[in-house]
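Below: one structure, written as C-alpha cells.
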Amino acid sequence: MLFDKLQEAGLIKPDAGLFDETPDEIALRRKGSGHLFIASCGLGLNSVAGLALLRAWNDVPDAILFADTGGEKSATYKYLPLLNDWLGSVGFPLVTTVKRDVKHERQKHAEKYDTLEKECLVKKCLPSIAYYH
152 MLFDKLQEAG LIKPDAGLFD ETPDEIALRR KGSGHLFIAS CGLGLNSVAG
202 LALLRAWNDV PDAILFADTG GEKSATYKYL PLLNDWLGSV GFPLVTTVKR
252 DVKHERQKHA EKYDTLEKEC LVKKCLPSIA YYH
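Note that the working numbering has the sequence shown beginning at 152, numbered continuously upward.
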C-alpha cells in the first residue's frame, strides 16, 4: 500500500504532528481528547488527499464541511456525490455543504449578488481573508 511505503520511507509519521512538532488536534484525539474534529474540504486535490490520508491513519472526523461560495466550477459540484459515496463506504461522515444565505433585500448596492465573486466585483473589494496576514 502506498501509505505503508511512505511510512517506511519516513515521509509520513502518523504519531507526530502533521505540519510541525507541536501537538495538533489529530494527535490529541489519538490520545483520547474529546474535542470535535471537523475537516474542511474544498473538494480539490489537496482536500481529498487529506481525507484519504486520514482514512489510511484511521482518523475519522466528526464532520466534513464544504464552504460553497457559489463560484465553483461545475465539475467540482459534480464530484461531490462521488466523494460522498466513497466517504460513506469507508465509514466517514458525508460532506456537509455550508452556504451563506444571501438576502437581496439587505444588499445596499443596486446590482445584487449571489456569489462571493460577484459580491467582490459589485463592492470593488477583495474577500475579507485577503486583509489578514
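Note that beta-carbon positions come from the ideal geometry of N, C-alpha and C, so glycine has one too.
Model, not experiment: these values are computed from the prediction.
Next item on the list: Evaluate contact between the region 254 to 270 and the region 231 to 240, counting only Cβ atoms and requiring at least three cross-stretch pairs below 8 Å.
Entry: no
Note to self: Could you compute how far the alpha carbon of residue 184 sits from the alpha carbon of residue 244?
What the structure shows: 19 Å
Notebook entry, point to check: Which whole-angstrom value is the C-beta distance of residue 193 and residue 217, which I expect to be below 8 Å?
Noted result: Going by Cβ atoms, the distance from residue 193 to residue 217 rounds to 7 Å, so yes, they are a contact pair.
Check: If we call anything under 9 Å between Cβ atoms a contact, is residue 241 one with residue 206?
Finding: yes
Check: When DSSP builds the beta bridges, which residues end up paired with residue 215?
Finding: Paired residues: 190 and 246.
Notebook entry, point to check: Does DSSP classify residue 256 as helix, strand or coil?
Noted result: helix
Next item on the list: Take residue 210 and list the residues in its own chain whose beta-carbon comes closer than 6 Å to its own, dropping the five residues that flank it on each side.
Entry: 177
Check: When you compare each of 196, 276, 175 and 187 to residue 227 by their alpha carbons, which one comes out closest?
Finding: 196
Note to self: For residue 248 and residue 190, what's the separation of their Cα atoms in angstroms?
What the structure shows: 12 Å
Check: If we count the other Cβ atoms within 10 Å of its Cβ and call it buried at 16 or more, is residue 179 buried or exposed?
Finding: exposed
Item checked: Straight-line gap, residue 274 to residue 198 (C-alpha atoms, nearest Å) -> 30 Å
Check: Do residue 187 and residue 219 have their C-beta atoms within less than 9 Å of each other?
Finding: no
Check: Which value, in whole angstroms, describes the spacing of the CA atoms of residue 221 and residue 283?
Finding: If you take the alpha carbons of residue 221 and residue 283, they lie about 23 Å apart.
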